[in-house]
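The sequence shown begins at 167 in the numbering used here and counts up by one. C-beta atoms are modelled at their ideal positions from N, C-alpha and C, and glycine is treated no differently. Here is the structure we will look at, set down as structure tokens.
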Amino acid sequence: MRPHRLLPLLLLLSSAHAEPVTIAVASNFITPMAELVAAFEEATGQAVRVSSASTGVLYAAIRNGAGYAALLAADSERPRLLEADGIAVPGSRFTYAVGTLQLWSADPALAGKDCRGALDDLGNRRLAIANPVTAPYGAAAQAFLQQAGLWDQVQDRLVFGQNIAQTLQFVATRNASLGLVATSQSGSEQLPDATCQWAVPTSMHPPIEQQAVLLQPVDEHAAAAAFLEFIAGPEGRAIIRAQGYEVAD
């Protein structure tokens, strides 16, 4: 998809009272999605409904016939599979954001401490990560822990979130002392102050390349196509970048 196609797609949105279009979005992206939807609705009058869960859960729902018009995944693998299997529109897949991981804590006992050092010596503390099977950020967290030589060591201390949003909730409410969360989440004003944090080097896990794709059938999906064009355009990229993601120019 290319931003220069946005105008003809917007011309297909003939009414400000058109039926809402439903977009599936990975849970890590729910905050920027709200801002993107607001800007798109203001510009076009087209309502957008959002359904959020882990990418694995959304992928399974789509394969089972869920009526989403597009998917904003937290990885590139599921959109690629949907396209390969004819469930997504060929050529509509693109990378809209690249995520990063952060080790984060709100535990007062870790105030001023070395977060990375605390991970080496968890003791009785709990470490929260997203489910590696269904959540790409969880898979990245597992890959990091394995490369750091800590995976076997932390097995008994892990708390698994169903998605990256629940993982952050575990750490924010101190049900886990530490968590491997999306960097973009950690700047939320709704969170308690971090007592320690550490940026996980991107060299220590596979890239978290987040891709979007338009889903079949396409006959009533002009609004979804226009929304994907919007997030790929200058205004959409600026919103995504401001929320802590890496975005290709």
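Residues of its chain near residue 328, where Cβ-Cβ distance is below 7 Å and the 5 sequence neighbours each way are ignored: Walking along the sequence shown from the start, residue 328 turns up at place 162. If we look at residue 328 and ignore the five residues flanking it on each side, its Cβ neighbours are 220 and 297.
Opposing strand residues paired with residue 347 [DSSP bridges]: Counted from its first residue, the sequence shown places residue 347 at position 181. Its beta-bridge partners are 268.
Proximity of residue 246 and residue 288 at Cβ, strictly below 7 Å: Position 80 of the sequence shown, counted from the first residue, corresponds to residue 246. Position 122 of the sequence shown, counted from the first residue, corresponds to residue 288. No, Cβ-Cβ distance for residue 246 and residue 288 is not below 7 Å.
7 Å Cβ cutoff met for residue 389 and residue 223: Counting from 1 along the sequence shown, the entry for residue 389 is found at position 223. Counting from 1 along the sequence shown, the entry for residue 223 is found at position 57. For residue 389 and residue 223, no; Cβs fall outside 7 Å.
Whole-angstrom distance between residue 382 and residue 233, CA atom to CA atom: Counted from its first residue, the sequence shown places residue 233 at position 67. Counted from its first residue, the sequence shown places residue 382 at position 216. Whole-angstrom Cα-Cα distance: 9 Å.
Residue from 394, 413, 265 and 409 whose Cα sits closest to the Cα of residue 258: Taking the first residue of the sequence shown as position 1, residue 258 is located at position 92. Residue 258 has its Cα closest to that of 394, out of 394, 413, 265 and 409.
Within 7 Å, strictly: CB atoms of residue 375 and residue 242: By one-based count along the sequence shown, residue 375 stands at place 209. By one-based count along the sequence shown, residue 242 stands at place 76. For residue 375 and residue 242, yes; Cβs fall inside 7 Å.
Proximity to residue 283 [Cα-Cα], best of 366, 336 and 371: Position 117 of the sequence shown, counted from the start, is the residue given in the question as residue 283. Looking at the Cα atoms, 366 is the closest of the given residues.
Selection from 264, 275 and 255 that minimises the alpha carbon distance to residue 411: Numbered from 1 along the sequence shown, position 245 holds the residue referred to as residue 411. For the residues 264, 275 and 255, the minimum Cα distance to residue 411 belongs to 264.
Closest Cα partner of residue 239 within the set 229, 261 and 253: Counting from 1 along the sequence shown, the entry for residue 239 is found at position 73. With distances taken between Cα atoms, residue 239 lies closest to 261.
Proximity of residue 294 and residue 325 at Cβ, strictly below 7 Å: Mapped onto the sequence shown, residue 294 falls at position 128. Mapped onto the sequence shown, residue 325 falls at position 159. Contact: yes.
Contact under 7 Å by Cβ, residue 267 with residue 190: The residue labelled residue 267 in the question sits at position 101 within the sequence shown. The residue labelled residue 190 in the question sits at position 24 within the sequence shown. The answer is no: Cβ separation not under 7 Å.
Which residues DSSP lists as bridging residue 380, in chain order: One-based indexing of the sequence shown puts residue 380 at position 214. According to DSSP, residue 380 bridges with 236.
Contact the region 302 to 316 vs the region 327 to 346: 3+ CB pairs below 8 Å: yes
Nearest neighbour of residue 254, chosen from 387, 217 and 397 [CA to CA]: The count along the sequence shown starts at 1 and reaches residue 254 at position 88. It is 387 whose Cα lies nearest to the Cα of residue 254.
Local Cβ density within 10 Å of residue 214, reported as buried at 16 or more and exposed below that: By 1-based counting over the sequence shown, the position of residue 214 is 48. Its Cβ being crowded by 16 or more others within 10 Å, residue 214 is buried.
Contact under 7 Å by Cβ, residue 273 with residue 349: Along the sequence shown, one-based indexing puts residue 273 at 107. Along the sequence shown, one-based indexing puts residue 349 at 183. Their beta carbons are not under 7 Å apart, which means residue 273 does not touch residue 349 by this criterion.
CA-to-CA distance, residue 252 to residue 218, given in whole angstroms: Residue 218 sits at position 52 when you count from the first residue of the sequence shown. Residue 252 sits at position 86 when you count from the first residue of the sequence shown. Each residue's alpha carbon lies about 23 Å from the other.
Coil, strand or helix - residue 293 by DSSP: Taking the first residue of the sequence shown as position 1, residue 293 is located at position 127. Correct three-state label for residue 293: strand.
Under 7 Å between C-beta atoms of residue 405 and residue 201: For the purposes of this step, residue 405 is taken as residue 239 along the sequence shown, with counting starting at 1. For the purposes of this step, residue 201 is taken as residue 35 along the sequence shown, with counting starting at 1. Yes, they are a contact pair.
Residue 324 - containing beta strand (DSSP E), residue span: Counting from 1 along the sequence shown, the entry for residue 324 is found at position 158. It spans 324 to 327 - the beta strand (DSSP E) in which residue 324 sits, taken as one unbroken run.
Which residues DSSP lists as bridging residue 197, in chain order: Translated into positions along the sequence shown, residue 197 becomes position 31. Per DSSP, none; premise fails for residue 197.
Residue 185, buried or exposed, once every other Cβ within 10 Å from all chains shown has been counted against 16: Translated into positions along the sequence shown, residue 185 becomes position 19. Classification of residue 185: exposed, given that the 10 Å Cβ count is below 16.
Reference residue 226; option with closest CA among 317, 248 and 197: Residue numbering aside, residue 226 sits at position 60 when the sequence shown is read from its first letter. Nearest of 317, 248 and 197 to residue 226, Cα basis: 248.
Residues bridged to residue 363 [DSSP beta-bridge criterion]: For the purposes of this step, residue 363 is taken as the residue at position 197 of the sequence shown. Paired residue(s): 270.
Residue interval of the alpha helix (DSSP H) (run including residue 414): Mapped onto the sequence shown, residue 414 falls at position 248. Premise fails: residue 414 is in no alpha helix (DSSP H) and is neither H nor E.
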